[in-house]
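Residue numbers (the numbering used here), protein chains in the order written: chain A, 769 to 878; chain B, 769 to 878.
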DNA sequence: AGGATCGTCAACCAGATGGTTGAATATAGG
DNA sequence: CCTATATTCAACCATCTGGTTGACGATCCT
């Protein structure tokens, strides 16, 4: 379920990282202060929700954002929001603000 | 947290009901096959997430949708969705489709 | 005042969730 | 082939979640 997947700050942080670029599982895990297995589980949940896709190349699994699921859920939510068109700047603000999942998630500093 | 609040099908069903009109707690609970106390908890979570507001008039507490929180979260999600403007019809389809929370939630039939 | 209705609170319970560790699988490379 | 790397799997654990029931406070009505 998309919303359950988004409910966890670690997973939102992962999505934010993948917004920058596709990443290998190990690299996704690197900034977090938790085990690789935990991150692997999170990636499984994100994948199950359709929010990311995983593609194996050699022994490395590449993760990339799958924006459709988010768009879909966003449509649902906008149904309640009375459809004022959304502006890009607001998103930038959130990424630098308290809504920022990176701050909430237990990221290693450095 | 908005996304945790949205993660539960009962709560999404409640939001869909409130989209129609403001409702008293008892009336919100009526179609569900669970106790009033359970619904009261759900309303507390929705309220905590800023998704609804509750106003006491006499002994009745009226619940109404608070679309700002949804708009806010929707903005965040659209940040990942590459910002194609969203159309209203899509929302209508969801309400009649598998994304419909009313079907997922344990609603009494009739 | 007294009874019925509206809603929440508190205690409790089963199952889901998010984390851990250690073993297992698959691939790359010397 | 052998070892190191990349990732998942399985078992386990603590905490959160969503439900229950029964008691309670507040309000309306007669």
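No residue lacks a Cβ here, since even glycine has one placed at the ideal position from N, Cα and C.
Predicted model only: the values in this text are computed from it and were never measured.
Check: 9 Å Cβ cut-off: residues of chain A touching residue 783 of chain B; Outcome: 848
Check: Range covered by the alpha helix (DSSP H) that runs through residue 833 of chain A; Outcome: That residue, residue 833 of chain A, is in no alpha helix (DSSP H); its beta strand (DSSP E) goes 828-833.
Check: Identified DSSP bridge partners for residue 823 of chain B; Outcome: B:830
Check: Beta carbon proximity, residue 817 of chain A to chain B, threshold 7 Å; Outcome: no
Check: C-beta neighbour in chain B for residue 775 of chain A, strict 7 Å; Outcome: yes
Check: Nearest to residue 794 of chain B (by Cα), restricted to the options B:836, B:776, B:805, B:835; Outcome: B:805
Check: Chain B contact for residue 800 of chain A (CB, 7 Å cutoff); Outcome: no
Check: Contact check, residue 784 of chain B vs residue 771 of chain A, beta carbons under 7 Å; Outcome: no
Check: Three-state class that DSSP yields for residue 845 of chain B in the structure shown; Outcome: helix
Check: Neighbour flag for residue 872 of chain A against chain B, beta carbons, 7 Å; Outcome: The predicted model places residue 872 of chain A with a pLDDT of 43, which falls under 50 and marks its position as unreliable; any figure quoted below should be read in that light. No, residue 872 of chain A does not count as interfacial toward chain B.
Check: Chain B within 7 Å of residue 811 of chain A, Cβ atoms only; Outcome: no
Check: Cutoff 7 Å: residue 808 of chain A Cβ touching any chain B Cβ; Outcome: no
Check: Proximal residues of chain B, C-beta to C-beta of residue 787 of chain A below 9 Å; Outcome: 847, 848
Check: Euclidean distance between Cα positions of residue 832 of chain B and residue 777 of chain B; Outcome: 18 Å
Check: Contact with chain B by residue 838 of chain A, beta-carbon distance below 7 Å; Outcome: yes
Check: Residue 830 of chain A versus residue 838 of chain A: straight-line alpha-carbon distance, rounded; Outcome: 19 Å
Check: Test: residue 803 of chain B CB closer than 7 Å to a CB of chain A; Outcome: no
Check: Endpoints, alpha helix (DSSP H) assigned at residue 798 of chain B; Outcome: Segment: none, residue 798 of chain B is in no alpha helix (DSSP H) and carries neither H nor E.
Check: CB of residue 846 of chain A within 7 Å of CB of residue 842 of chain B, strictly; Outcome: yes
Check: For residue 790 of chain A and residue 836 of chain B, the rounded distance between their alpha carbons; Outcome: 32 Å
Check: Three-state secondary structure assigned by DSSP to residue 785 of chain A; Outcome: helix
Check: DSSP-derived helix/strand/coil call for residue 792 of chain B; Outcome: strand
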